[in-house]
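Engineer: Mapped onto the working numbering, the consecutive letters of the sequence shown carry residue numbers 88 to 520.
Glycine residues also receive a C-beta, built at the ideal position from the N, C-alpha and C atoms.
What follows is a structure written as structure tokens; I'll ask about it next.
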Amino acid sequence: MSIASVHAPPIRSIGAPRLLAGVVGNSVVGLVEHRGLHVRHATPGRDRLTADVRAVRLLGRGGAEFPVALKLEALPAGGAEVVIVNGSEGEPLSHKDRSLMRHVPHLVLDGALATAAALGARRVVVAADDEESLCALGSAVAERAANGGDHLTIEVARGGGRFVTGEARALGNMVGGGTAAPPGRRVHLTECGVGARPTFLANVETFAQLGLLTAIGPFDFATTGTSEEPGTSLITVTGAVARPGVIEVPNGVPLPVLLGHVGAAGGAILVGGYHGAWIDDPAQVLLNRPGLHCAGGRFGAGSVTVLDDASCPVGEIARVARWLADESMRQCGPCMFGLGGLADDLAALAAGDGRRVQHLHHLLQITPGRGACAHPDGAVGFLRSSLRCFGSDVDRHLHQGGCGRPVLGLLPITGASSTVSSTARAVRPGVSS
Ligand code: SF4
Numbered sequence: 088m089s090i091a092s093v094h095a096p097p098i099r100s101i102g103a104p105r106l107l108a109g110v111v112g113n114s115v116v117g118l119v120e121h122r123g124l125h126v127r128h129a130t131p132g133r134d135r136l137t138a139d140v141r142a143v144r145l146l147g148r149g150g151a152e153f154p155v156a157l158k159l160e161a162l163p164a165g166g167a168e169v170v171i172v173n174g175s176e177g178e179p180l181s182h183k184d185r186s187l188m189r190h191v192p193h194l195v196l197d198g199a200l201a202t203a204a205a206l207g208a209r210r211v212v213v214a215a216d217d218e219e220s221l222c223a224l225g226s227a228v229a230e231r232a233a234n235g236g237d238h239l240t241i242e243v244a245r246g247g248g249r250f251v252t253g254e255a256r257a258l259g260n261m262v263g264g265g266t267a268a269p270p271g272r273r274v275h276l277t278e279c280g281v282g283a284r285p286t287f288l289a290n291v292e293t294f295a296q297l298g299l300l301t302a303i304g305p306f307d308f309a310t311t312g313t314s315e316e317p318g319t320s321l322i323t324v325t326g327a328v329a330r331p332g333v334i335e336v337p338n339g340v341p342l343p344v345l346l347g348h349v350g351a352a353g354g355a356i357l358v359g360g361y362h363g364a365w366i367d368d369p370a371q372v373l374l375n376r377p378g379l380h381c382a383g384g385r386f387g388a389g390s391v392t393v394l395d396d397a398s399c400p401v402g403e404i405a406r407v408a409r410w411l412a413d414e415s416m417r418q419c420g421p422c423m424f425g426l427g428g429l430a431d432d433l434a435a436l437a438a439g440d441g442r443r444v445q446h447l448h449h450l451l452q453i454t455p456g457r458g459a460c461a462h463p464d465g466a467v468g469f470l471r472s473s474l475r476c477f478g479s480d481v482d483r484h485l486h487q488g489g490c491g492r493p494v495l496g497l498l499p500i501t502g503a504s505s506t507v508s509s510t511a512r513a514v515r516p517g518v519s520s
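Right, dumping it as structure tokens:
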């Protein structure tokens, strides 16, 4: 099955579902059912919430994996003025946040409201890019209002619709009335966020985890997963697998167990999306964030993608490189020159022209660590990993002019960069981005 054809993958779990409890098929867990599943307790104060989050070692689920307790502690004594739920999910290989917003919106909203109460926030904004999630969130907010309402009115906002517009400070700018772009310098939202006021922003899954934690407490939260990382995670599995889906797994589940669950027959395995890495030895990998770091990978956006050998991997990577360059805001040198140059060099290599390969490696050296956000660093990490994983294919492009396979566009991208050749489409009908 192609990766791109799995636009809204089915939902299921390995072990008992927690975040996705109550979801059957394509159902939405309404407020009454949600209240039956997740008992509502008195809102914890800031110290209690921080202590509980620290006890379960909760890491942010948007890709940066920043400890949530540290983010709470970074706020000033007065707490936060605004709480933002980031549902942008611009990563083409991830669908988990949309699944949460569409199927269990009240769990996400519970987490946001509990956090807002603990931090004394006056605004809660939930931002999403896609119509279906915006509708589901709007319906959930209306349902709550009709059932007595909450201590704050939740605002539902449309995000910027691109990969980098979901970056934390880009979204903070947008919620503050500005453009959905990172500010061009590294500032912390916890100090200077919306309206220059302290702001707490986290990913949709992070808030769902906070909603669960406030409902069941740290002891029950830690009854699954590992001691290093208790609890569960959502993983979007796509590509050359028989049963793709958004799957809730206990943290620490072996990667081969997940691959067996989805019916993966073989191929290269990318974990963490287009800021992630290809895994050299899947048999040894445990799917939790510390385990993946040991294997040279990143949990990132929570995706596992299997690429079989039907398509030219160098051409696939070149397409993604162009997309990563096009998705940047082009306001910093590493994105204007580094990512664009890398995309040009990889396109030449994919076409069998190896004359730019030294320039390619030079750009891989000098591009990271110099942007105003982490986009060029994440992109370069993915490209380095790609060149390592597909080293023999790269050699064939360097020395034999190519590998003889078409570029099918199996790795999905969005927008103008997504075009694949008509030849490729003819080879594998139905593959699109
Ligand atoms: S590093 Fe790139 S994506 Fe990040 S702010 Fe600068 S131009 Fe934009």
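Below 8 Å, can you find three or more Cβ-Cβ pairs linking the stretch 259–274 to the stretch 449–469?
Structural biologist: With a cut-off of 8 Å, the stretch 449–469 and the stretch 259–274 count as touching, because enough Cβ pairs lie within range.
Engineer: What do you get for N338, buried or exposed, if any count of 16 or more other CB atoms within 10 angstroms of its CB means buried?
Structural biologist: Counting Cβ neighbours within 10 Å, N338 comes out buried, since at least 16 surround it.
Engineer: Report the rounded CA-to-CA distance for G496 versus L180, giving the unit in angstroms.
Structural biologist: The alpha-carbon atoms of G496 and L180 are separated by roughly 13 Å.
Engineer: Is the stretch 400–408 in contact with the stretch 367–378, if contact means three or more CB pairs nearer than 8 Å?
Structural biologist: With a cut-off of 8 Å, the stretch 367–378 and the stretch 400–408 do not count as touching, because too few Cβ pairs lie within range.
Engineer: Can G150 and A382 be called in contact, C-beta distance under 8 Å?
Structural biologist: No, the Cβ-Cβ distance between G150 and A382 is not below 8 Å.
Engineer: When the distance is taken between beta carbons, is A327 closer than 8 Å to V393?
Structural biologist: Yes.
Engineer: Just to check, is the beta-carbon of P463 closer than 7 Å to a non-hydrogen atom of ligand 1?
Structural biologist: Yes - ligand 1 has a heavy atom lying nearer than 7 Å to the Cβ of P463.
Engineer: For V291 versus H182, is the C-beta spacing smaller than 8 Å?
Structural biologist: Not in contact: V291 and H182 (Cβ atoms no closer than 8 Å).
Engineer: For G225, does the three-state DSSP call read helix, strand or coil?
Structural biologist: Correct three-state label for G225: helix.
Engineer: What do you reckon, are the CB atoms on G147 and T252 nearer than 8 Å?
Structural biologist: Not in contact: G147 and T252 (Cβ atoms no closer than 8 Å).
Engineer: Terminal residues of the continuous beta strand (DSSP E) containing T392?
Structural biologist: From DSSP, the beta strand (DSSP E) with T392 extends over 390–394.
Engineer: Tell me the start and end of each unbroken alpha helix (DSSP H) in the stretch 388–458 that is at least 4 residues and wholly inside, in chain order.
Structural biologist: For the stretch 388–458, whole alpha helix (DSSP H) runs of length 4 or above, ordered along the chain, are 400–414, 427–437, 444–453.
Engineer: Flag S320 as yes when its Cβ comes closer than 7 Å to any non-hydrogen atom of ligand 1, and as no otherwise.
Structural biologist: No.
Engineer: Nearest by alpha-carbon distance to G112: which of V155, V211, C419, R189 is it?
Structural biologist: When only C-alpha atoms are compared, the closest one is R189.
Engineer: For ligand 1, any of its heavy atoms closer than 7 Å to the Cβ of D405?
Structural biologist: For the record, residue 405 in the displayed sequence is Ala; it is not Asp. Every heavy atom of ligand 1 is 7 Å or more from the Cβ of A405, so no.
Engineer: At the level of alpha carbons, what is the spacing between T137 and A156?
Structural biologist: Roughly 5 Å between the two C-alpha positions.
Engineer: So the beta strand (DSSP E) R210 belongs to, where does it begin and stop?
Structural biologist: Here the beta strand (DSSP E) through R210 covers 210–215.
Engineer: Measuring only from the beta carbon, is A459 closer than 7 Å to any heavy atom that is part of ligand 1?
Structural biologist: True, at least one ligand heavy atom lies under 7 Å from that Cβ.
Engineer: Less than 8 Å between the C-beta atoms of G51 and V358, yes or no?
Structural biologist: The structure shown does not extend to residue 51, since the chain spans only 88 to 520, so no value can be given for it.
Engineer: Measuring alpha carbon to alpha carbon, tell me which residue in H380, T202, G166 is nearest V140.
Structural biologist: Cα-wise, what sits closest to V140 is T202.
Engineer: Measuring from the CB of P337, is there a heavy atom of ligand 1 at a distance below 7 Å?
Structural biologist: Not so, every heavy atom of ligand 1 lies at least 7 Å from the Cβ.
Engineer: Mind checking H380: buried by the 16 CB within 10 Å criterion, or exposed?
Structural biologist: Result: exposed.
Engineer: If I follow the unbroken alpha helix (DSSP H) through P343, where does it start and stop?
Structural biologist: That run of the alpha helix (DSSP H) goes 342–349.
Engineer: Let me know if S220 comes out buried or exposed under the rule of 16 or more other beta-carbons within 10 Å of its beta-carbon.
Structural biologist: So S220 ends up on the buried side.
Engineer: Hey, how far is the Cα of A466 from the Cα of G235?
Structural biologist: The straight-line gap from Cα to Cα measures roughly 46 Å.
Engineer: Which two residues bound the contiguous alpha helix (DSSP H) that contains R475?
Structural biologist: Here the alpha helix (DSSP H) through R475 covers 462–476.
Engineer: Could you tell me the boundaries of the alpha helix (DSSP H) in which A156 lies?
Structural biologist: Looking at the DSSP string, the run of the alpha helix (DSSP H) that includes A156 is 155–161.
Engineer: Mind checking whether the beta-carbon of V212 lies closer than 7 Å to any heavy atom of ligand 1?
Structural biologist: False, no ligand heavy atom lies under 7 Å from that Cβ.
Engineer: In chain order, what residues of the same chain have a beta carbon less than 6 Å from the beta carbon of S472, not counting five sequence neighbours either side?
Structural biologist: Excluding positions up to five away in sequence, the list reads A364, W365.
Engineer: Give a single yes or no on whether C381 has its beta carbon closer than 7 Å to a heavy atom of ligand 1.
Structural biologist: The answer is no for C381.
Engineer: Since V407 and I500 should fall inside the 8 Å C-beta cutoff, what is the C-beta to C-beta distance between them, to a whole number of angstroms?
Structural biologist: Correct: roughly 6 Å between the Cβ atoms.
Engineer: Would you identify the three-state DSSP class for E315, choosing helix, strand or coil?
Structural biologist: Three-state DSSP puts E315 in coil, outside helix and strand.
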